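First up is the structure itself, then whatever we jot down about it.
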Amino acid sequence: MAEVTSCFSSVALLMILYILHQSCVAESTLIYNVLSFGAKPNGVIDSTQAFLDAWIAACASSDSTTIYAITAKVVTGVFIIGGALDAKGTALWACKLAGSTDCPNGGATSLSFTNSKNININGLMSLNSQMFHFVINGCQDVRIQGVKVNAAGNSPNTDGIHVQLSTNVAIFNTSIKTGDDCVSIGPGTKDVWIEQIICGPGHGISLGSLAKDLEEEGVQNVTVKNAIFKAIEHVSGMKINDVVYRNIQRTSASAIAIKFDCSATNPCSGIRLENVSLTFRNQEVQSHCANANGKIVGTAQANSCL
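Residues -26 to -1, 1 to 280 (mature numbering (1 follows the signal peptide of the UniProt record, and there is no 0)) are what the sequence shown spells out, left to right.
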């Protein structure tokens, strides 16, 4: 069971964020409302036991169930320590992969914070999310450490950690296996530090969904340090300047593991590779550069195109 503490209010958040967007099964026939079990969203009464009782009752049922929880997305000073979230998303993935038109709309995000501050997530495991595992949206001062994400390599739209419109986000000592981006960094995000991450299978670490809107905020000051990538696929490209790739180990899904494919009118510049070790089937990888320049420092591929 995850431990959650909060200084946002005296309402215990032990289960609010744990249950939010979760259900024991995908389809709903029986409804368990935490208010019916005695939860009081008044900032005074501790509602922990009501959430636990609703959760136990739902999971003891042999029928399809849904838990209705108090919506508490805006919080300050929350700590989540340990525990596991299993969204049982395999049935929904199979439906989507089969191209069926009868799949349930969308899918649940396992854990999401919106417009919140001082969020700490430590040692939590997320299994088989229906869609995104973790979403950080419009938040400040977020620390994610020791988190494990596990989903099938072909699970659709199951980003491990998605960050957007947020500031000062740190991700440490994390292992992510999923069918989409291990970490996706969306518009309006700045000051992101990612260190000691193992990614794969998955689509790597991406700065995605940029330029979707005409007046969209960019992404600033992202650092990725001591990362290991395994069996990465569908890595997207973008124009980059003054970027350092340092201490990266990776097994590539293709023979061309380094690719800087930049525009002739807006070339990439200032690229720096430091101690980058990549292999493809235990062989040296190839690289491709178009309209890109930079330098190599320390150990790197002998045939690098920079």
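Just so you know, even glycine gets a beta-carbon here, dropped at the ideal spot from N, CA and C. Here the structure is a predicted model, which is why all the values come from computation and not from measurement.
Under DSSP, the alpha helix (DSSP H) around residue i begins and ends at which residues?
i      : result
Phe106 : Careful: Phe106 lies outside any alpha helix (DSSP H) and carries neither H nor E.
Considering only residues of the same chain and omitting the five flanking positions on each side of residue i, which have a CB-CB separation below 6 Å?
i       : result
Gly63   : Asn102, Ser103 and Gln104
Ala31   : Tyr6
Glu248  : Arg220, Val271 and Gly272
Ser100  : Leu59, Ser84, His107 and Val123
Lys233  : His262
Thr253  : Thr225
Thr241  : First, the residue type needs correcting, since residue 241 is Pro and not Thr in the sequence shown. So the list reads Asn265, once near-sequence residues are dropped.
Asn94   : Phe53 and Arg117
Val(-2) : Model confidence at Val(-2) stands at a pLDDT of 39, short of 50, so the residue's coordinates are unreliable and nothing is read from them.
His(-6) : Confidence is the limiting factor: at His(-6) the pLDDT is only 38, short of 50, which leaves the residue's position unreliable and the question unanswerable from this model.
Leu98   : Ile54, Gly57 and Val121
Determine whether the beta carbon atoms of residue i and residue j lie at a separation below 8 Å.
i      : j      : result
Asp133 : His107 : yes
Asn92  : Gly56  : no
Val157 : Ile135 : yes
Val49  : Ser90  : yes
Ile168 : Val193 : no
Asn111 : Thr88  : yes
Ser243 : Asn215 : yes
Pro161 : Glu191 : yes
Asp155 : Ser129 : no
Val109 : Ser74  : no
Val137 : Thr163 : yes
Asn96  : Gln119 : yes
Ile202 : Gln223 : yes
Tyr42  : Val18  : no
I'd like the span of the beta strand (DSSP E) that includes residue i, first residue to last.
i      : result
Val143 : Thr141 to Lys151
Asp115 : Gln114 to Gln119
Phe87  : Leu85 to Thr88
Leu280 : Careful: Leu280 lies outside any beta strand (DSSP E) and carries neither H nor E.
Leu4   : Leu4 to Asn7
Gly268 : Ala266 to Val271
Lys91  : Lys91 to Asn96
Ile159 : Val157 to Ile159
Val137 : Ile135 to Gln138
Asn124 : Lys122 to Asn124
How many whole angstroms separate the CB atoms of residue i and residue j, which I take to be in contact at a CB cut-off of 8 Å?
i      : j      : result
Leu66  : Gly81  : 5 Å
Ser261 : Ile230 : 7 Å
Val166 : Val121 : That belief does not hold up - the Cβ atoms of Val166 and Val121 are roughly 15 Å apart, past 8 Å.
Ile25  : Ala13  : One detail in the question is off: residue 25 reads as Phe in this sequence, not Ile. About 7 Å separates the two Cβ atoms, so the contact holds.
In chain order, what residues of the same chain lie with their CB nearer than 7 Å to the CB of residue i, ignoring the 5 residues before and after it?
i        : result
Gln170   : Phe146, Asn147 and Asn200
Ala227   : Ala205, Ile206 and Glu207
Met(-26) : Per-residue confidence for Met(-26) stands at a pLDDT of 36, beneath the threshold of 50, marking its modelled position as unreliable; the derived number appears in the next sentence. The answer, listed in chain order, is Gly57.
Val218   : Arg246 and Glu248
Asn256   : none
Please tell me whether, using a cut-off of 7 Å, the distance from the CB of residue i to the nearest non-hydrogen atom of the ligand ATP is below it.
i      : result
Val196 : Within the structure as shown, the ligand ATP is missing, as the structure has no ligands at all.
Give every residue of the same chain whose Cβ lies closer than 8 Å to the Cβ of residue i, excluding the five residues on either side of it in the sequence, and list them in chain order.
i      : result
Ser10  : Ala28
Pro175 : Gly127, Lys151, Thr152, Gly153, Lys204, Ala205, Ile206 and Glu207
Kindly provide the ranges of any beta strand (DSSP E) runs that are 3 or more residues long and lie completely inside the stretch 32 to 67, ordered along the chain. Along the stretch 32 to 67, the beta strand (DSSP E) occurs as fully enclosed runs of 3 or more residues at 39 to 42, 50 to 55 and 58 to 60, listed in sequence order.
Quick one: complete beta strand (DSSP E) runs, 3+ long, within the stretch 174 to 257? 193 to 206, 218 to 226, 230 to 235 and 242 to 254
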